[in-house]
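Trainee:
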Amino acid sequence: GMDAIMLQEKLVERLLCPRVRTSRQKEKQYVGFATLPNQVHRKSVKKGFDFTLMVAGESGMGKSTLVNSLFLTDLYKDRKLLNAEERINQTVEIIKHTVDIEEKGVKLKLTIVDTPGFGDAVNNNECWKPITDYIDQQFEQYFRDESGLNRKNIQDNRVHCCLYFIPPFGHGLRPVDVEFMKALHEKVNVVPLIAKADCLTPSEIKKLKDRVRDEIERFGIKVYQFPECDSDEDEEFKQLDKELKECCPFAVIGSNTVVEARGQRVRGRLYPWGIVEVENQSHCDFVKLRNILIRSHMHDLKDVTCDMHYENYRAQCIQDMTSKLTQDNRMESPIPMLPLPTPDVETDRLIKMKDEELARMQDMLNKMQQQIHDGKDQ
Amino acid sequence: CVFVVPEFPGLGHSGGGSTLLGYIGIDTIIEQMRKKTMKAGFDFNIMIVGHSGLGKSTLVNTLFKSQVSRWSSGWGSEHKIPKTVEIKAVSHVIEEGGVKMKLTVIDTPGFGDQINNENCWDPISKYINEQYEKFLKEEVNIARKKRIPDTRVHCCLYFISPTGHSLRQLDIEFMKHLSRVVNIIPVIAKSDTMTLDEKNEFKHRVRKELETHGIEYYPQNEFDDDMEDKNENDKIRETMPFAVVGSDKEFQVNGKRVLGRKTAWGVVEVENPNHCEFALLRDFLIRSHLQDLKEVTHNIHYETYRARRLNDNGGLHPISANNTQESNL
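For the record, the sequence lines run as chains A and B.
In this text, residue positions in the first sequence follow the numbering used here: the first is 2, and each later residue adds one.
In this text, residue positions in the second sequence follow the numbering used here: the first is 8, and each later residue adds one.
1) To the nearest angstrom, how far is it from the Cα of Phe170/A to the Cα of Tyr311/A?
2) Taking the straight line between their C-alpha atoms, what separation do you get for Leu109/A and Asp236/B?
3) Use the C-beta contact count for Asn190/A: other C-beta atoms within 10 angstroms, 16 or more gives buried, fewer gives exposed.
4) Can you tell me the Cβ-Cβ gap for Gly58/A and Tyr165/A, rounded? I've got them flagged as a contact below 8 angstroms.
5) For the stretch 140-159 of chain A and the stretch 177-187 of chain A, state whether three or more C-beta atom pairs, one from each stretch, are separated by less than 8 angstroms.
6) What three-state label does DSSP hand Cys18/A in the structure shown?
7) Which residues, in order along the stretch 289-312 of chain A, keep a beta-carbon less than 8 angstroms from a beta-carbon of chain B?
8) Using a cut-off of 8 angstroms between C-beta atoms, extract the partners of His42/A located in chain B.
9) Please report the Cβ distance between Ala252/A and Ala198/A, rounded to the nearest whole angstrom; I am assuming they are in contact, meaning their Cβ atoms lie under 8 angstroms.
10) Exposed or buried, what is Asn238/B when buried is set at 16 or more other beta-carbons lying within 10 Å of its beta-carbon?
11) Please list the residues of the stretch 177-200 of chain B that have a C-beta atom closer than 8 angstroms to any C-beta atom in chain A, keeping them in chain order.
12) Compare the C-beta of Pro203/A with all C-beta atoms of chain B and state if any pair is closer than 8 angstroms.
13) Using the DSSP secondary-structure output, state which residues sit across from Thr270/B in a beta bridge.
14) Pick from Asn148/B, Lys95/B, Ile131/B and Thr91/B: whose alpha carbon is nearest that of Gln121/B?
15) Would you kindly report the start and end of the unbroken beta strand (DSSP E) that includes Met55/A?
16) Can you list the residues of chain B that Tyr31/A reaches, using a CB-CB cut of under 7 angstroms?
17) What's the gap between the Cα of Pro169/B and the Cα of Val277/B?
18) Taking only runs of the alpha helix (DSSP H) that begin and end inside the stretch 190-271 of chain A, which ones reach a length of at least 4 residues, in chain order?
19) By the 8 angstroms beta-carbon criterion, what residues does the stretch 142-169 of chain B contribute toward chain A?
20) May I ask you to list the residues that DSSP assigns as paired with Pro193/B?
21) State the beta-bridge partners of Thr112/A as determined by DSSP.
22) Is Val114/A buried or exposed, if buried means 16 or more other CB atoms sit within 10 Å of its CB?
23) How should Cys163/B be labelled, buried or exposed, when 16 other C-beta atoms within 10 angstroms of its C-beta is the threshold for buried?
24) How many Å lie between Glu7/B and Glu141/A at the Cα?
25) Starting from the beta carbon of Arg289/B, find every residue of chain A whose beta carbon is closer than 7 angstroms, and list them in chain order.
26) Are the beta-carbon atoms belonging to Gly119/B and His172/B less than 8 angstroms from one another?
27) Which residues share a DSSP beta bridge with Glu102/B?
28) Among Arg268/B, Tyr312/B and Ala250/B, which residue has its Cα nearest to the Cα of Arg289/B?
29) For a contact meaning CB atoms closer than 8 angstroms, what does Ser232/A contact in chain B?
30) Less than 8 angstroms between the beta carbons of Val346/B and Phe285/B, yes or no?
31) Could you give the DSSP three-state label for Asp114/B: helix, strand or coil?
32) Between the C-alpha atoms of Thr36/A and His42/A, what's the straight-line distance to the nearest angstrom?
33) Give a yes or no on whether the C-beta atoms belonging to Gly106/A and Val46/A are separated by under 8 angstroms.
34) Report yes if the C-beta distance between Leu287/B and Tyr225/B is below 8 angstroms; otherwise report no.
35) Looking at chain A, is there any beta carbon in it that lies within less than 8 angstroms of the beta carbon of Leu7/B?
36) Does Glu237/A come within less than 8 angstroms of chain B when only Cβ atoms are used?
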């Protein structure tokens with residue numbers, strides 16, 4: 002178990018240090034490839050991770066606040082809120098915020114895709130189109146890059162998860178909620194949330210959740226499914242997992258402010274009748290959401306995006322390309338495989354120049370570091 | 008829960024009052040990844056090349072502490088030299104510390120054993136490229152597998168004869184042709200025929216010869232990611248090629264049981280760093296660079312092959328109406 006892995010990590014370290022004469026008796030039984038997960042992990046830590054999260058829902062659902070609460074950031078501090086008049090002619094926009102977060106040596110490049118304007122107009126027909134278009138565009142970009150000649154520095158902008166904010170004021174899903182989720186459920190992992198849950202009592206929340214769950218099933222909406230627990234996990238874990246699944250959709254509250262509650266400083270909302278604590282599990286499901294999103298299922302969300310949503314897109318794309326050609330009756334003619342419409346020669350040249358420049362800079366940097374290193378020895 | 012002060016996130020803290028420091032938990036993604044990769048298991052494909060009698064199979068069995076090569080025992084079996092170079096791949100699943108590995112050992116009997124060994128590396132080169140081709144075909148498929156089966160050769164152990172003089176012409180030709188196509192790790196076989204001094208001189212000469220001929224063995228200089236890698240790999244490159252001895256027999260030495268070879272003048276202990284560099288090879292190959300060997304194969308050698316294929320094809324491939332064409336090659 003852990004001991005074996007720790008021992009092997011020590012062995013790896015030993016290789017990197019000057020040879021130390023130690024007893025190799027214990028190692029007799031080990032070949033040593035149990036260190037493989039560590040080797041993989043070491044490289045990933047170096048490279049860092051990325052995650053793209055989309056938030057969708059009408060204005061005023063607390064999306065920005067929730068994102069700030071989840072990632073302890075303040076991405077929207079310079080935002081100017083529009084009034085109703087200003088919003089009359091606003092169309093749905095797609096706005097990206099990128100922030101680099103580092104924690105315990107692990108680097109995460111987090112991209113939040115915001116969708117202001119969604120559902121705000123009087124006529125919201127197909128207001129999700131800019132959003133589905135955006136998601137498709139990222140798939141298409143990835144498809145091109147992946148099919149291209151030079152695949153060294155592919156940027157992955159695919160959306161890994163979409164948090165959809167359902168208003169707490171109604172009695173379940175509204176038509177726009179249903180249509181939106183159905184437009185997206187085969188393109189991205191949809192995680193529905195009940196927003197601003199602090200305006201509901203516990204029993205109201207339960208009723209609403211039951212209703213929403215029921216409607217999700219009835220309308221055939223395929224929200225993100227948590228993978229099944231491993232059969233070899235312990236009972237406690239399995240129980241937690243079960244509770245998590247039964248808690249969907251999560252009823253969340255976010256906050257940008259710190260309040261004093263029960264002697265501690267916590268994120269919360271101060272009302273005359275009491276204090277709502279964001280991270281208090283008896284107040285809302287924020288912690289559960291954060292755990293799912295970040296601490297236990299971030300990797301799975303990415304996997305499902307790559308293995309399912311993207312693959313579906315790609316297969317469809319190729320099929321469309323193929324059928325278009327057979328339709329045109331040019332059956333013998335070649336399919337332009339890959340790369341798809343190539344960037345022009347000029348762009349290629351520029352890219353090559355940049356690459357060379359980067360290599361030169363890296364070289365210089367290495368030399369400088371070596372000099373510093375040598376200087377230190379003197 | 009415990010609040011831990013994080014590094015400052017990119018945009019810093021706001022004036023808007025959100026100054027609560029806390030723990031987000033993004034470092035747990037490492038654990039999430041580990042769980043998944045453990046479940047999926049690993050593949051590793053190693054090719055062994057060298058003329059017969061250099062102890063290739065024994066070494067590979069010693070490395071993986073199992074009978075993973077074609078021959079289940081040493082001397083007793085028939086070692087008929089085939090008329091041409093054959094490629095024989097054998098797979099075993101071995102497990103350690105909860106990690107499952109499907110190890111495939113690709114033997115190349117007949118290499119270097121003929122009278123005329125011209126182009127005897129061709130079948131080997133062909134095999135390696137065929138695995139790249141297989142992977143490429145799967146990759147461009149419409150409905151492609153989630154985990155494409157990886158039969159590509161991640162590492163080629165090339166066995167140098169311990170003549171003590173220099174590399175043979177065949178050694179140079181082979182490595183010249185193949186070092187740009189696959190990761191080559193040269194080893195000096197049966198190194199118990201050399202004294203320490205002879206070993207060091209031989210190694211030095213071999214390194215010089217490889218350099219003269221522009222042969223880059225793994226870990227290749229040009230693929231060092233950063234200073235940390237470079238320093239680590241420089242040390243390794245300067246100790247290579249590792250002079251090794253293999254054995255599947257155990258003997259008593261100073262009250263311990265060790266793997267070794269017993270002679271009239273003493274026991275050569277395989278895992279004793281004073282006797283030979285087997286342990287160094289094993290640590291390097293398995294305990295620290297196994298994953299990197301796969302990554303260099305995938306990110307560099309395979310990409311080179313793929314780019315060449317795309318270019319050669321002119322990027323085009325005719326399809327006929329009758330084909331329920333699955334491949335989009």
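The beta carbon of each residue, even a glycine, is placed where N, CA and C say it ideally should be.
Mentor: With the structure as the only source:
1) Rounded to the nearest angstrom, the gap between the Cα atoms of Phe170/A and Tyr311/A is 35 angstroms.
2) Note on geometry: alpha-carbon atoms of Leu109/A and Asp236/B lie some 22 angstroms from one another.
3) With 16 or more other Cβ atoms within 10 Å, it is buried.
4) Indeed they touch by this definition, with Cβ atoms about 6 angstroms apart.
5) In this structure the stretch 140-159 of chain A does not touch the stretch 177-187 of chain A; the number of beta carbon pairs closer than 8 angstroms is below three.
6) Low local confidence applies: a pLDDT of 43 at Cys18/A is under 50, so the model's placement there is unreliable, with the coordinate-based value given in what follows. In the three-state scheme derived from DSSP, where H, G and I count as helix and E and B as strand, Cys18/A is classed as coil.
7) Residues passing the 8 angstroms Cβ filter: Arg291, Asn292, Ile295, Arg296, Ser297, His298, Met299, His300, Asp301, Asp304, Asp308 and Glu312.
8) The contacting residues are Ile37, Met40 and Arg41.
9) Ala252/A to Ala198/A, Cβ: 4 angstroms. Contact.
10) Classification of Asn238/B: exposed, given that the 10 Å Cβ count is below 16.
11) Taking 8 angstroms as the upper bound on Cβ-Cβ separation, chain A lies near no residue of the stretch 177-200 of chain B.
12) Cβ-Cβ to chain B under 8 angstroms: no for Pro203/A.
13) Paired residue(s): Gly273/B.
14) Closest by alpha carbon: Thr91/B.
15) Segment Phe50 to Ala57, the beta strand (DSSP E) holding Met55/A.
16) Within chain B, the residues placing a beta-carbon under 7 angstroms from that of Tyr31/A are Glu103, ordered along the chain.
17) The alpha-carbon atoms of Pro169/B and Val277/B are separated by roughly 16 angstroms.
18) For secondary structure counted as the alpha helix (DSSP H) over 4 or more consecutive residues, the stretch 190-271 of chain A holds these complete runs in sequence order: 203-219 and 236-247.
19) Taking 8 angstroms as the Cβ-Cβ cut-off against chain A, the residues of the stretch 142-169 of chain B that qualify are Val147, Ile149, Ala150, Arg151 and Lys153.
20) Pro193/B is bridged to Tyr165/B.
21) Answer by DSSP bridge pairing, in chain order: Thr53/A and Thr99/A.
22) Val114/A comes out buried.
23) Counting Cβ neighbours within 10 Å, Cys163/B comes out buried, since at least 16 surround it.
24) There is simply no residue 7/B to check, as chain B begins at 8 and stops at 336 in what is shown.
25) Under the 7 angstroms cutoff, chain A gives Gly33.
26) No, these two residues do not count as a Cβ contact at 8 angstroms.
27) The partner list for Glu102/B (beta bridge, DSSP) reads Lys107/B.
28) Of Arg268/B, Tyr312/B and Ala250/B, the residue nearest in Cα terms is Ala250/B.
29) Listed along chain B, no residue sits closer than 8 angstroms to Ser232/A by beta-carbon distance, the nearest being about 12 angstroms off.
30) This structure gives no information on residue 346/B, because the portion of chain B shown stretches from 8 to 336.
31) If DSSP states are grouped into helix, strand and coil, Asp114/B belongs with the strands.
32) One alpha carbon belongs to Thr36/A, the other to His42/A, and they sit about 10 angstroms apart.
33) Cβ atoms of Gly106/A and Val46/A: closer than 8 angstroms.
34) No, the Cβ-Cβ distance between Leu287/B and Tyr225/B is not below 8 angstroms.
35) Outside the shown range of chain B (8 to 336) lies residue 7/B, about which nothing can therefore be said.
36) Taking CB atoms only, Glu237/A has no neighbour in chain B less than 8 angstroms away.
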